[in-house]
């Protein structure tokens, strides 16, 4: 498995994309905000959608189509407007846009899926979008992966793409993807959209299983299950054009790798975030408790402001662990900052270590390990700092 | 029932307090940080402690004493240091300080309880505190309620006290209290301490029941159960010195009133908070779902930054409701800002109402009502805005 430089949704064979500025992000904003991704051949397609009870129109539309196990050719995606809380009108506008794109691209009805991200509760400017469809279809090209990644950005400051090439005895196949979001890590509700493409040849059920496994270790390690935006979506399109039927274990490993890379890009670009902190909880009684505890710590505003303040105020870590529901004896717990044993048996090892801990916390990326000493399960998740810029982004602008 | 001006923990008969600057908040800070509250007669005592698995030393100490149903004379409290994550040394220091205060005040061992708030994981400066005990005992006075309230402050910007006088056919009794915290509303872990005193005559079991009821509608309407700091404590001391055995219903009503007033003072003084927003969810399927939904909305960082930004971005409210687990049809939901019907049947009533909604959100206090149209249960909770100052307080200073 090797990384493909500048690889994204068009890295795998037979995938083409196009993006346009349709003024969804504001009149004459000039920003890319409407995009198409189309495969030359029909794709086995796996998908994960938000568990939020309030589902945006594109999710209602797509989930309904996909549940039949049908094949798809790609997706029409937009940023700047989530088409959520938009009622029946929102659903029919979504269908209208997808249908127009299908016709323009010479595809049958039901060939494309949809995804949207942006402001909630405002009608989608469908006229503006419909006008751009001929341009999008005309521009479909395998050089446009980057443009696609840019067109799905909202408060993201950089576009996010990644791809790998996988070797097999019979040849190579590619897995690549683009992602946007998440505003802040959970507990927020900013939308995450992920589009992954591969030219490997796998049946839908295998794809879906692999996607669920990979998401659990990547996208679901940065957002808490059950607390998702109205629009969160992960699509995996497999068009089989490499002709390779991969070993499932190898494929899953590569998919996990791609998903983790994309997930870390999301955390690093969290709204206002300046640090990527890996939170690993080990010694938990069982897997559920390890996950619960790691996520509680990674999501605590007091812990996240401590990251921003570069202050090894370890009591906040232990207090968050204690509030998580994980079972442990506070007198046994240990805490390490990038390997530095700072807390052992529930107490500070030595006050003179504070300077070393501070120097770890001044780094842009570091690891915090919390050993609960209550078992042998562990879970790793990825967090960022909570800064004043987060508030500025979410209070001063409408997203 | 009438409000007592400037009433606090010493408003009820027979309660005296004293406070001192013991340098716990820093050398020569001059800030009050150590206090005693002592009743002339032994008190039936009810208490609520944090549900965090990591419990501070004063909670371990006090919970152990109180579980026998014994009577107490009061409490020794400090700010500036939580005496949490302090191991066996922390527990013995707590016992040492309480014991010294009991001796100095001429009380038997086991007469006083303890409470602490402040930084976690740093040893309590017990020598400094022990030195102040003679001064504290000498200064015990029923004029010192305000000093007591000030001595428990951490990042609070104002002290919080409240008291009411209750009339009965046989005379009057008083319920009063002081409170500090909570940094931000849940999901944070800043400590809340509440001390309530009454000269009414009630048995311990009745007191405990009344306190649990009142807390559910006040302190637990601003913090989510199960996610509390290592130090959260609510004490209710009843010394019976009014000679009045109150009607239980009247007592509970008065206690709820006092607790709600104190809880609202906590929200208004939330770290960096500039607005008090009441979030009422009605039309829920059952009480549990109403509570779940109201708390999810009130605690969402995206909703709280929307309060700060004075932006009626109602999609965030509906998205938070959708993520709460409460059952409802998104197409039926309605949202009101101070009575203004802004969203009906899941859609914006009229875009021209935005200006009116903004003017509501510019007020320092207002009400948001979300009707789920799924039943007849409701729950009200109290939130504040999430501002840049919150980050500054929690990132730049150690608390």
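Residue numbers (our numbering), protein chains in the order written: chain A, 973 to 1371; chain B, 973 to 1371.
All C-beta atoms in this analysis are idealised placements derived from N, C-alpha and C, irrespective of residue type, glycine included.
Note that the coordinates shown come from a computational prediction; the quantities given were computed from them, not determined experimentally.
The three-state secondary structure of residue 1166 of chain B, taken from DSSP, is strand. With distances taken between CA atoms, residue 1249 of chain A lies nearest to A/1276 out of A/1152, A/1291, A/1276, A/1225. Within the stretch 1329 to 1357 of chain B, those residues whose Cβ lies closer than 9 Å to any Cβ of chain A are, in chain order, 1357. Under the rule that a run must span 3 or more residues, the beta strand (DSSP E) segments found entirely inside the stretch 1179 to 1228 of chain A read 1205 to 1210. Closer than 8 Å to the CB of residue 1360 of chain A there is at least one CB belonging to chain B. In terms of Cα proximity to residue 1104 of chain A, the closest of A/1126, A/1069, A/1138, A/1119 is A/1069.
With respect to the 8 Å criterion, residue 1166 of chain A and residue 1134 of chain A are not classified as neighbours on the basis of their beta carbons. Setting aside the 5 residues that flank it on each side, residue 1081 of chain B is surrounded in the same chain by 1071, 1074, each with a C-beta closer than 8 Å to its C-beta; the list follows chain order. For residue 1097 of chain B, the closest Cβ of chain A is not nearer than 8 Å. Under the three-state reduction of DSSP, residue 1288 of chain A is assigned to helix. 8 Å or more divides the Cβ of residue 1240 of chain B from the Cβ of residue 1352 of chain B. Of the other Cβ atoms in all chains shown, fewer than 16 fall within 10 Å of the Cβ of residue 1042 of chain A; this residue is therefore exposed. Between the stretch 1333 to 1344 of chain B and the stretch 1202 to 1220 of chain B, the count of Cβ pairs shorter than 8 Å is below three; the stretches do not touch.
Of all residues in the stretch 1056 to 1068 of chain B, only 1056, 1057, 1059 come within less than 7 Å of chain A when Cβ atoms are compared, listed by chain position. Taking the CA atoms as reference points, residue 1006 of chain A sits about 14 Å from residue 1046 of chain A.
In this chain, the alpha helix (DSSP H) harbouring residue 1118 of chain B covers 1117 to 1123. Under the Cβ distance rule, residue 1029 of chain A does not count among the residues neighbouring chain B, no pair being separated by less than 8 Å.
A Cβ-Cβ contact shorter than 8 Å links residue 1026 of chain A with residue 1202 of chain A. For residue 1302 of chain A, the nearest beta carbon of chain B is closer than 8 Å to its own beta carbon. Apart from sequence neighbours up to five positions away, the residues of its chain that approach residue 1088 of chain B with a beta-carbon distance below 8 Å are 1028, 1029, 1030, 1049, 1050, 1051, 1053, 1054, 1055, 1056, 1066, 1096, 1203, ordered along the chain. With a 10 Å radius around the Cβ and a threshold of 16 neighbouring Cβ atoms, residue 1261 of chain A comes out buried. The Cβ atoms of residue 1124 of chain B and residue 1152 of chain B sit closer than 8 Å to each other.
Residues of the same chain with a CB within less than 7 Å of the CB of residue 1187 of chain B, apart from the 5 flanking positions on each side, are 1020, 1206, 1231 in chain order.
Collapsing the DSSP output to three states places residue 1281 of chain A in a helix. Checking the DSSP bridge columns, you'll see residue 1260 of chain B has no partner listed. Look at residue 1327 of chain B: its C-beta is not under 8 Å from any C-beta on chain A. Within the same chain, and ignoring the five residues on either side of residue 1170 of chain B in sequence, the residues whose Cβ sits closer than 6 Å to its Cβ are 984, 1147, 1210. By alpha-carbon distance to residue 1246 of chain A, the top candidate from A/1361, A/1346, A/1059, A/995 is A/1361. Residue 1327 of chain B sits exposed, since fewer than 16 C-beta atoms from the chains shown fall within 10 Å of its C-beta. Among the residues of the stretch 1266 to 1289 of chain B, those with a Cβ less than 8 Å away from any Cβ of chain A are 1271, 1272, 1273, 1274, 1277, 1278, 1280, 1281, 1283, 1285, 1286, 1287, 1288, in the order of the chain. In this structure, B/1309 is the residue among B/1309, B/1168, B/1063, B/1299 with its C-alpha nearest to the C-alpha of residue 1286 of chain B. The Cβ atoms of residue 1318 of chain A and residue 1110 of chain B lie no closer than 8 Å to each other. Per the Cβ contact rule, the stretch 1289 to 1296 of chain B is in contact with the stretch 1267 to 1274 of chain B (3 or more Cβ pairs under 8 Å). When the five nearest sequence neighbours on each side are left out, the beta carbons in the same chain lying within less than 8 Å of the beta carbon of residue 1258 of chain A are those of 1347, 1349, in order along the chain. In the structure shown, residue 1063 of chain B adopts helical secondary structure according to DSSP, grouped into three states.
At least one CB atom of chain B sits nearer than 8 Å to the CB of residue 1024 of chain A.
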